[in-house]
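**Student:** To start, I am sharing the structure in question, which I have written as structure tokens.
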Amino acid sequence: MSTLDAHSWLADHGDYLFRVARRQLHSDELAEDAVQETLLAALSAQARYSGDASPRTWLTGILKHKIVDLIRRQMREVEIPRDAEGEEAVDLLFKQDGHWAEPLRPWGNPQAEAELGQLRRVLDECAGRLKPAMAQVFSLREVAGMETEEICKELDISPTNCWVLLHRARLFMRQCLELNGFSKAGTA
Amino acid sequence: MKWIPTCRETTELASRSMDERLPFADRMAMRLHLAICENCARFNRQLQDMRRLFRAETAADDDTPGLAPEARQRIESELQKKLGS
Numbered sequence: 031m032s033t034l035d036a037h038s039w040l041a042d043h044g045d046y047l048f049r050v051a052r053r054q055l056h057s058d059e060l061a062e063d064a065v066q067e068t069l070l071a072a073l074s075a076q077a078r079y080s081g082d083a084s085p086r087t088w089l090t091g092i093l094k095h096k097i098v099d100l101i102r103r104q105m106r107e108v109e110i111p112r113d114a115e116g117e118e119a120v121d122l123l124f125k126q127d128g129h130w131a132e133p134l135r136p137w138g139n140p141q142a143e144a145e146l147g148q149l150r151r152v153l154d155e156c157a158g159r160l161k162p163a164m165a166q167v168f169s170l171r172e173v174a175g176m177e178t179e180e181i182c183k184e185l186d187i188s189p190t191n192c193w194v195l196l197h198r199a200r201l202f203m204r205q206c207l208e209l210n211g212f213s214k215a216g217t218a
Numbered sequence: 194m195k196w197i198p199t200c201r202e203t204t205e206l207a208s209r210s211m212d213e214r215l216p217f218a219d220r221m222a223m224r225l226h227l228a229i230c231e232n233c234a235r236f237n238r239q240l241q242d243m244r245r246l247f248r249a250e251t252a253a254d255d256d257t258p259g260l261a262p263e264a265r266q267r268i269e270s271e272l273q274k275k276l277g278s
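In order, the protein sequence lines correspond to chains A and B.
Note that the numbering used here has the first sequence beginning at 31, numbered continuously upward.
Note that the numbering used here has the second sequence beginning at 194, numbered continuously upward.
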């Protein structure tokens, strides 16, 4: 059974919560907002803390919702599935007849070769080239491991739009990673 | 969708298969294409590589910068405001 001490939250969990948020939002500013909103919401919700989970786990659960809230707010501004620019960018990857325009280069064995810091840098850099909401939905799914159904529901977008969004994000991310040194002589 | 999907269609199926189990016909169509297309087979493996790498990275990562001092101060004062109210 754990107890809560709101005065130590920021000192004990601030950096942790920030890193989790930063990895999904790809923005310092938004990640700071997420931490602040989480701690303020936690203050109001203290009475509902049951003590079954550790304070960090409890706070991280609140953070997850705040991250999705922040992404949802951004998505109102960019309607990706109906975004013609995104469709055109996909068109460039393929020929008219549906074949790849350029052959894909092999990645070698990325797990063995990629330094963690390098990987983080490249992911961030590539996320920066995607539309923010697209990069964020990609990271909710591929970094945070949230279920697609839950993502669609929380972001209030149809499953079809969700698939379109993830498909484009994966196409662009893959291409960006390849251009940023993921392709090595190898067989993968 | 035709019996054997195009590369573009196959990438849609491969992406969707990362999110849910495809209907039988789509699954077979995708496999048929992957068996004869090196690029799409590579695309499919790389989708799985991305997930494996990024999820592993998240678990291991703990030395990235934390909250900036100014942000920490700002949040602290917001918390104090609320605690005091």
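Cβ atoms here follow ideal geometry from the backbone N, Cα and C, with glycine treated the same way.
Since the model is a prediction, treat every value here as computed from it, not as a measurement.
1. Grouping DSSP H, G and I as helix and E and B as strand, with all else coil, what is tryptophan 196 of chain B?
2. Are any of the Cβ atoms in chain A nearer than 8 Å to that of leucine 227 of chain B?
3. Using only the alpha-carbon positions, how far apart do lysine 274 of chain B and leucine 207 of chain A sit?
4. How would you list, in chain order, the residues of chain B whose beta-carbon sits under 8 Å from the beta-carbon of phenylalanine 202 of chain A?
5. Are the beta-carbon atoms belonging to methionine 223 of chain B and leucine 240 of chain B less than 8 Å from one another?
6. Taking Cβ to Cβ, would you say glycine 172 of chain A is nearer than 8 Å to arginine 244 of chain B?
7. Would you say isoleucine 98 of chain A faces chain B, with C-beta separation under 8 Å as the test?
8. Mind listing the chain B neighbours of alanine 36 of chain A? Cutoff is C-beta to C-beta under 7 Å, in chain order.
9. Enumerate in chain order the residues of its own chain whose CB-to-CB distance from cysteine 192 of chain A is below 7 Å, with the five nearest sequence positions on each side excluded.
10. Mind checking if tryptophan 193 of chain A is an interface residue toward chain B, Cβ cutoff 8 Å exclusive?
11. List the residues that DSSP assigns as beta-bridge partners of phenylalanine 124 of chain A.
12. May I have a chain-ordered list of the alpha helix (DSSP H) segments no shorter than 4 residues that lie completely inside the stretch 38-118 of chain A?
13. Relative to the C-alpha of arginine 198 of chain A, which candidate in A/Ala83, A/Ala165, A/Leu40 has its C-alpha closest?
14. Strictly below 7 Å CB to CB, what residues from chain A border glutamine 239 of chain B?
15. Taking only three categories from DSSP, how would you classify aspartate 219 of chain B?
16. When you compare the CB positions of arginine 49 of chain A and threonine 257 of chain B, do they come within less than 8 Å of one another, or not?
17. When you compare the CB of leucine 134 of chain A with every CB in chain B, is at least one pair closer than 8 Å?
18. Could you compute how far the alpha carbon of cysteine 233 of chain B sits from the alpha carbon of phenylalanine 212 of chain A?
19. For the candidate residues A/Ile101, A/Ala119, A/Tyr79, A/Ala131, whose alpha-carbon lies nearest to that of serine 169 of chain A?
20. Verify the CB distance criterion: does leucine 69 of chain A have a CB-CB separation below 8 Å to chain B?
21. Please return the same chain residues whose Cβ sits closer than 7 Å to the Cβ of methionine 176 of chain A, not counting the five positions on each side in sequence.
22. State the start and end residues of the unbroken alpha helix (DSSP H) segment that holds isoleucine 181 of chain A.
**Tutor:** In this structure, then:
1. As a working note, residue 196 of chain B is residue 3 in the second sequence. Tryptophan 196 of chain B sits in coil when the DSSP states are folded into three classes, being neither helix nor strand.
2. Mapped onto the second sequence, residue 227 of chain B falls at position 34. No, leucine 227 of chain B lies away from the interface with chain A (no Cβ there is under 8 Å from its Cβ).
3. For this step, residue 274 of chain B is matched to residue 81 along the second sequence. For this step, residue 207 of chain A is matched to residue 177 along the first sequence. Their Cα atoms are separated by approximately 44 Å.
4. For the purposes of this step, residue 202 of chain A is identified with residue 172 of the first sequence, where counting begins at 1. For a Cβ distance threshold of 8 Å, nothing in chain B lies close to phenylalanine 202 of chain A: the least Cβ distance comes to about 12 Å.
5. Within the second sequence, the letter at position 30 stands for residue 223 of chain B. Within the second sequence, the letter at position 47 stands for residue 240 of chain B. Taking the C-beta atoms as reference points, leucine 240 of chain B is found no nearer than 8 Å to methionine 223 of chain B.
6. Here the question's residue 172 of chain A lines up with position 142 in the first sequence. Here the question's residue 244 of chain B lines up with position 51 in the second sequence. Residue identity check: residue 172 of chain A is glutamate in the sequence provided, not glycine. Contact: yes.
7. Taking the first sequence and counting its residues from 1, one reaches residue 98 of chain A at position 68. Correcting the residue type first, residue 98 of chain A is valine in the shown sequence and not isoleucine. Cβ-Cβ to chain B under 8 Å: no for valine 98 of chain A.
8. Within the first sequence, numbered from 1, the residue matching residue 36 of chain A stands at position 6. Going along chain B in sequence order, the residues near alanine 36 of chain A (Cβ under 7 Å) are Leu276.
9. On the first sequence, position 162 is the one that residue 192 of chain A refers to. Contacts found: Thr178, Ile181, Cys182.
10. As a working note, residue 193 of chain A is residue 163 in the first sequence. By this cut-off, tryptophan 193 of chain A is an interface position.
11. Stepping through the first sequence from its first residue, residue 124 of chain A is reached at position 94. Residue pairing by DSSP puts phenylalanine 124 of chain A in a beta bridge opposite A/Trp130.
12. Along the length of the stretch 38-118 of chain A, whole alpha helix (DSSP H) runs at least 4 residues long occupy 58-75, 85-105, reported in chain order.
13. Numbered from its first residue, the first sequence carries residue 198 of chain A at position 168. Per the Cα distances, A/Ala165.
14. Start at 1 with the first residue of the second sequence, and residue 239 of chain B comes out as number 46. Those within 7 Å of glutamine 239 of chain B in chain A are Trp137, Arg204.
15. Position 26 of the second sequence, counting from 1, holds the residue named residue 219 of chain B. Three-state DSSP puts aspartate 219 of chain B in a helix.
16. As a position in the first sequence, residue 49 of chain A is number 19, starting the count at 1. As a position in the second sequence, residue 257 of chain B is number 64, starting the count at 1. Pairing arginine 49 of chain A with threonine 257 of chain B gives a Cβ-Cβ distance under 8 Å.
17. Sequence index remark: in the first sequence, residue 134 of chain A carries index 104 (1-based). Yes, leucine 134 of chain A counts as interfacial toward chain B.
18. Against the second sequence, residue 233 of chain B aligns to sequence position 40. Against the first sequence, residue 212 of chain A aligns to sequence position 182. The alpha-carbon of cysteine 233 of chain B is positioned some 17 Å away from that of phenylalanine 212 of chain A.
19. Reading the first sequence from its first residue, position 139 is the one you call residue 169 of chain A. Minimum Cα distance to serine 169 of chain A is reached at A/Ile101.
20. Position 39 of the first sequence, counted from the first residue, corresponds to residue 69 of chain A. At a cut-off of 8 Å between beta-carbon atoms, leucine 69 of chain A makes contact with chain B.
21. In the first sequence, residue 176 of chain A corresponds to position 146, counting from 1. Within the same chain, Cβ atoms closer than 7 Å to the Cβ of methionine 176 of chain A are found at Leu170, the five residues on either side in sequence being excluded.
22. Translated into positions along the first sequence, residue 181 of chain A becomes position 151. Looking at the DSSP string, the run of the alpha helix (DSSP H) that includes isoleucine 181 of chain A is 178-185.
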